[in-house]
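K.L.:
Residue numbers for the sequence shown follow my numbering, beginning at 249 and rising by one. Handing you this structure, nothing more for now.
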Amino acid sequence: MTSTALIIGASRGIGLELVTQYAGAGWTVHGTTRSIDQPGPVASIAGDITLHQLEVRSEKDLRQLRASLIDTPIDVLIHSAGVYRNTPRDEIMAVNAEAPIRIAEALLENVAASNLRRLALITSQLGARRGRTGSLGDYGDSKAALNDAFRARASEWAARGVRAIVIHPGWVSTDMGGASAPVSVHDSAWGIRNVMDSLTAEMHGRFWTWDGREHEW
Ligand SMILES: NC(=O)c1ccc[n+]([C@@H]2O[C@H](COP(=O)([O-])OP(=O)(O)OC[C@H]3O[C@@H](n4cnc5c(N)ncnc54)[C@H](OP(=O)(O)O)[C@@H]3O)[C@@H](O)[C@H]2O)c1
Numbered sequence: 249m250t251s252t253a254l255i256i257g258a259s260r261g262i263g264l265e266l267v268t269q270y271a272g273a274g275w276t277v278h279g280t281t282r283s284i285d286q287p288g289p290v291a292s293i294a295g296d297i298t299l300h301q302l303e304v305r306s307e308k309d310l311r312q313l314r315a316s317l318i319d320t321p322i323d324v325l326i327h328s329a330g331v332y333r334n335t336p337r338d339e340i341m342a343v344n345a346e347a348p349i350r351i352a353e354a355l356l357e358n359v360a361a362s363n364l365r366r367l368a369l370i371t372s373q374l375g376a377r378r379g380r381t382g383s384l385g386d387y388g389d390s391k392a393a394l395n396d397a398f399r400a401r402a403s404e405w406a407a408r409g410v411r412a413i414v415i416h417p418g419w420v421s422t423d424m425g426g427a428s429a430p431v432s433v434h435d436s437a438w439g440i441r442n443v444m445d446s447l448t449a450e451m452h453g454r455f456w457t458w459d460g461r462e463h464e465w
């Protein structure tokens with residue numbers, strides 16, 4: 249039976265590549281973009297792809313997305329959308345820390361109703377507190393807050409039958425990571441898909457990297 253993926257933040261970067269790879273592997277794919285009128289290159293990817301509008305801070309957009317997907321089991325949900333530099337702190341916190349949890353919770357029933365029941369929130373190694381001294385900066389703070397919020401909910405999500413993780417995608421050559429980043433967007437998305445494919449119950453509630461290593465909090 250065909251599996252279904254939902255990728256939040258499909259217009260560029262890792263999210264766009266995840267849509268490309270899941271669709272190329274024959275999955276049914278739902279992707280979200282901030283503007284449905286100007287979705288960018290995701291609109292021309294071959295495969296069974298449905299696009300939805302989602303500004304991740306918009307409650308209205310989230311209600312519409314939820315309504316559109318009401319009877320759709322989601323085997324794999326990956327939240328990729330995020331912001332890094334040159335952005336006000338309140339926007340960084342809203343997009344990186346608050347939105348992924350709100351969106352995951354709004355769609356948890358869809359994941360729980362699927363065969364695979366897997367969910368990943370893309371975080372960053374810059375949100376890890378262990379081994380670091382001083383300020384994490386706005387971006388690091390936002391990913392640390394995401395990790396904290398995830399850990400606070402992990403048991404409840406497991407009780408609902410969902411296997412969920414936070415995952416660091418590598419330092420990836422996207423608009424965010426820059427051209428000198430060592431990991432290609434292809435390899436990052438490929439690695440994330442491998443982790444999702446092999447996600448066991450024991451891996452639930454923990455922090456992983458794109459190449460399958462556990463990360464400290
Ligand atoms: N690249 C790296 O080296 C790296 C390292 C660690 C973690 N990460 C994390 O990996 C994830 C993906 O990063 P990336 O490198 O693919 O970034 P990217 O190329 O800059 O793409 C960011 C994506 O997030 C979307 N987005 C941002 N704000 C949004 C909002 N308010 N509503 C809806 N969509 C929004 C963008 O949509 P628009 O096109 O509409 O702007 C775009 O699709 C992020 O969570 C990031 O923090 C990346």
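For every residue, glycine included, the Cβ atom is placed at its ideal position computed from N, Cα and C.
Beta-carbon within less than 7 angstroms of residue 419's beta-carbon, same chain only, minus the 5 sequence neighbours each way: which residues are those?
P.N.:
Within the same chain, residue 419 has close Cβ partners 425, 429, 430 and 431.
K.L.:
Check the C-beta distance from residue 303 over to residue 282 and give it rounded, since I have them as a contact under 8 angstroms.
P.N.:
Contact holds; Cβ gap of about 5 angstroms.
K.L.:
Here's the rule: buried if 16 or more other CB atoms are within 10 angstroms of the residue's CB, otherwise exposed. What is residue 411?
P.N.:
Counting Cβ neighbours within 10 Å, residue 411 comes out buried, since at least 16 surround it.
K.L.:
CB of residue 423 to nearest heavy atom of ligand 1: below 7 angstroms?
P.N.:
Answer for residue 423: yes, Cβ within range of ligand 1.
K.L.:
Please find out if some non-hydrogen atom of ligand 1 comes closer than 7 angstroms to the beta-carbon of residue 302.
P.N.:
The answer is yes for residue 302.
K.L.:
Between which residues of its own chain and residue 405 is the CB-CB distance below 7 angstroms, once the five residues before and five after are set aside?
P.N.:
356 and 412, listed in sequence order.
K.L.:
Closer than 7 angstroms: is that where the CB of residue 419 sits relative to any heavy atom of ligand 1?
P.N.:
Yes, since a heavy atom of ligand 1 falls inside the 7 angstroms radius drawn around the Cβ of residue 419.
K.L.:
At a threshold of 7 angstroms, does residue 343 count as lining ligand 1 (C-beta to nearest heavy atom)?
P.N.:
Checking every heavy atom of ligand 1 against the Cβ of residue 343, one is found closer than 7 angstroms.
K.L.:
Among residues of its own chain, excluding the 5 on either side of residue 380, which ones have a beta-carbon nearer than 6 angstroms to its beta-carbon?
P.N.:
So no residue of the chain qualifies.
K.L.:
Could you pull out every unbroken alpha helix (DSSP H) segment of at least 4 residues lying fully inside the segment 303-361, listed in chain order?
P.N.:
Runs found: 307-316, 337-341, 347-354 and 356-360.
K.L.:
State buried or exposed for residue 462, treating a residue as buried only when at least 16 other CB atoms are found within 10 Å of its CB.
P.N.:
Exposed, since its Cβ has fewer than 16 Cβ neighbours within 10 Å.
K.L.:
Apply the 10 Å Cβ neighbour rule to residue 341 and answer buried if 16 or more other Cβ atoms are within range, or exposed otherwise.
P.N.:
So residue 341 ends up on the buried side.
K.L.:
Give me the DSSP bridge partner(s) of residue 414.
P.N.:
Answer is 369 and 455, bridged to residue 414.
K.L.:
So, for residue 391: in the same chain, excluding its five sequence neighbours on each side, which residues have a beta-carbon less than 7 angstroms away from its beta-carbon?
P.N.:
Answer for residue 391: 344, 371, 372, 374 and 375, listed in chain order.
K.L.:
Which residue marks the beginning of the alpha helix (DSSP H) containing residue 443, and which one marks its end?
P.N.:
Note, residue 443: alpha helix (DSSP H), 433-445.
K.L.:
Does DSSP classify residue 269 as helix, strand or coil?
P.N.:
In the structure shown, residue 269 sits in a helix (DSSP, three-state: H, G or I).
K.L.:
With a threshold of 6 angstroms on Cβ separation, who are the neighbours of residue 275 within its own chain once the five nearest residues in sequence on each side are excluded?
P.N.:
Answer for residue 275: 251 and 253, listed in chain order.
K.L.:
Could you check what DSSP says for residue 261 in three-state terms: helix, strand or coil?
P.N.:
Residue 261: helix per DSSP, three-state reduction.
K.L.:
For residue 414, decide whether its Cβ has a neighbour in chain D, counting only Cβ atoms nearer than 8 angstroms.
P.N.:
The displayed structure is made up of one protein chain only, and chain D is not part of it.
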